[in-house]
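In my numbering, the protein residues as written are 1 to 328.
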């Protein structure tokens, strides 16, 4: 069946926002052409789109949405373009455009919007529940969005402290054999948490809040024996906890606090035969009301496009192996 072609010209008023929409050397428009299979030509403040009817319509909607984002935020990243295109291709409503509830987060350094349906559900869950589990592959924004939510709640005065923690279990390494003092041994494991904070707040602000104890970044073992009140607490890489560690952590929840527990059950670094505390906890908490559980998939990966394909390939292989094992 022959494709029905269409052509559409749209016009925008704000030249500055239009430059942001185009991106350096029209990189955003080039990306849309590649993702959607359309031709996009600019002349002044007019954009002409040519291609199949449905693709032209999708491109028009995406351009209008990106233009609104450029006006509101003053920036567009290539990942934003990818996210809008992916949602259109998957026929999913862009939650940050169409949802009745505004899920955007505004920090000192950037405005953050959910780029996938899973991310929108995750942010919504953090609004609704005091405890949220974020489950899924790397690159889905689990840690990044949780840190952003924590920073916003601190800025708004809703919590007094942000506590970020990880179990110090990575790739079979033993802290005792690493050089340096305790801080030097631990910091590499916690670096992704520092990185997320520095993207939300100026470096001097982060360093000052860490010095004053308003932001704490520490290994999971440091949570033992504490009650965490008026805090936003994030446990990252939770698949590397043992059941006892996870129980210890979950029971630290204090008054006026939020907990977010993130992990990927397919990426545990625990010794062979040791059950993941995340897996164990999920068996328990599913029976409890008022706990949010959000599951991400490869469709929620917002890193380089290859990352999503790699995750999907691993999932496919695992499914094939499981099918063969069941057949035997």
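Glycine is no exception: its CB is placed at the ideal position from the N, C-alpha and C atoms.
How is the beta strand (DSSP E) around residue 43 delimited, first residue to last? For the purposes of this step, residue 43 is taken as the residue at position 43 of the chain shown. Unbroken beta strand (DSSP E) run through residue 43: 39-43.
On a Cα-Cα basis, can you pick out the residue from 122, 320, 236, 45 that is closest to residue 261? In the chain shown, residue 261 corresponds to position 261, counting from 1. The candidate whose alpha carbon is nearest that of residue 261 is 236.
DSSP-derived helix/strand/coil call for residue 174: Numbered from 1 along the chain shown, position 174 holds the residue referred to as residue 174. For residue 174, the predicted model reports a pLDDT of 49, less than 50, meaning its position is unreliable and no value from the coordinates is stated.
Taking DSSP as the reference, what is the three-state secondary structure of residue 98? By 1-based counting over the chain shown, the position of residue 98 is 98. At residue 98, the pLDDT of 40 sits below 50, so the modelled position is not reliable and the matter cannot be decided from this model.
Would you mind sorting residue 161 into buried or exposed? The rule is 16 or more other CB atoms within 10 Å of its CB. Taking the chain shown and counting its residues from 1, one reaches residue 161 at position 161. So residue 161 ends up on the buried side.
What would DSSP say about residue 165, mapped onto helix, strand or coil? Here residue 165 refers to the residue found at position 165 of the chain shown. Looking at residue 165 - three-state DSSP - the assignment turns out to be strand.
For residue 88 versus residue 61, is the C-beta spacing smaller than 8 Å? Stepping through the chain shown from its first residue, residue 88 is reached at position 88. Stepping through the chain shown from its first residue, residue 61 is reached at position 61. Yes, Cβ-Cβ distance for residue 88 and residue 61 is below 8 Å.
Output needed for residue 294: all residues of its chain with C-beta closer than 6 Å, excluding positions within five of it in sequence on either side, in chain order. Here residue 294 refers to the residue found at position 294 when the chain shown is read from its first residue. Correct list, in chain order: 121, 122, 125, 134.
Do you know offhand how far residue 315's Cα is from residue 14's? Translated into the one-based positions of the chain shown, residue 315 becomes position 315. Translated into the one-based positions of the chain shown, residue 14 becomes position 14. Looking at the two C-alpha atoms, the distance is approximately 44 Å.
Endpoints, the alpha helix (DSSP H) within which residue 277 is located: For the purposes of this step, residue 277 is taken as the residue at position 277 of the chain shown. Element bounds for residue 277: 277-285.
If contacts are defined as beta-carbon pairs under 8 Å, then residue 163 and residue 194 qualify, I think. What distance do you get, rounded to the angstrom? Against the chain shown, residue 163 aligns to sequence position 163. Against the chain shown, residue 194 aligns to sequence position 194. With a Cβ gap of about 14 Å, residue 163 and residue 194 do not count as contacting.
Mapping the DSSP letters down to three states, classify residue 315 as helix, strand or coil. Numbered from 1 along the chain shown, position 315 holds the residue referred to as residue 315. Correct three-state label for residue 315: helix.
Closest Cα partner of residue 139 within the set 226, 83, 54, 38: Sequence index remark: in the chain shown, residue 139 carries index 139 (1-based). Looking at the Cα atoms, 83 is the closest of the given residues.
Own chain partners of residue 118 with C-beta closer than 6 Å, once the 5 adjacent residues on each side are dropped: Within the chain shown, numbered from 1, the residue matching residue 118 stands at position 118. These residues qualify, in order along the chain: 296, 300.
Are three or more beta carbon pairs between the stretch 142-152 and the stretch 105-119 nearer than 8 Å? yes
Given the structure, does residue 111 come close to the ligand HEM, in the sense that its CB is under 7 Å from one of the ligand's heavy atoms? Absent from the structure shown: the ligand HEM. Ligands present: none.
Just grab the DSSP bridge partners of residue 52 for me. Reading the chain shown from its first residue, position 52 is the one you call residue 52. Its beta-bridge partners are 5.
Using 8 Å as the threshold, is the C-beta distance between residue 221 and residue 250 below it? Translated into positions along the chain shown, residue 221 becomes position 221. Translated into positions along the chain shown, residue 250 becomes position 250. The answer is no: Cβ separation not under 8 Å.
Distance, Cα to Cα, residue 178 vs residue 190? On the chain shown, residue 178 is found 178 positions in, with the first residue counted as 1. On the chain shown, residue 190 is found 190 positions in, with the first residue counted as 1. Because the pLDDT of residue 178 is 47, which lies under 50, any placement of that residue in the model is unreliable, and the number read from its coordinates should be weighed accordingly. Using only the alpha carbons, I get a separation of about 15 Å.
For residue 132: DSSP bridge partner residues: In the chain shown, counting from the first residue as 1, residue 132 sits at position 132. Residue 132 pairs with 260, 292.
Please classify residue 213 as buried or exposed, where buried requires at least 16 other C-beta atoms within 10 Å of its C-beta. Taking the first residue of the chain shown as position 1, residue 213 is located at position 213. Its Cβ having fewer than 16 others within 10 Å, residue 213 is exposed.
Under the three-state DSSP convention, the category residue 111 falls into: One-based indexing of the chain shown puts residue 111 at position 111. Of the three classes helix, strand and coil, the one that applies to residue 111 here is strand, per DSSP.
Whole angstroms are fine: how far does the CA of residue 24 sit from the CA of residue 257? In the chain shown, residue 257 corresponds to position 257, counting from 1. In the chain shown, residue 24 corresponds to position 24, counting from 1. Cα to Cα, residue 257 sits roughly 43 Å from residue 24.
Closest residue to residue 22 among 53, 80, 7, 278 (Cα-Cα distance): Counted from its first residue, the chain shown places residue 22 at position 22. Residue 22 has its Cα closest to that of 80, out of 53, 80, 7, 278.
Using the three-state DSSP reduction, which class does residue 71 fall into: helix, strand or coil? Against the chain shown, residue 71 aligns to sequence position 71. The answer is helix: DSSP assigns residue 71 an H, G or I state.
Can you tell which of 42, 47, 128 has the C-alpha that lies nearest to the C-alpha of residue 289? Numbered from 1 along the chain shown, position 289 holds the residue referred to as residue 289. Closest by alpha carbon: 128.
Run of the alpha helix (DSSP H) containing residue 17, from where it starts to where it stops: Here the question's residue 17 lines up with position 17 in the chain shown. That run of the alpha helix (DSSP H) goes 15-22.
Let me know if residue 230 comes out buried or exposed under the rule of 16 or more other beta-carbons within 10 Å of its beta-carbon. As a first step, residue 230 is located in the chain shown; it is residue number 230 there, counting from the start. Per the 10 Å Cβ criterion, exposed.
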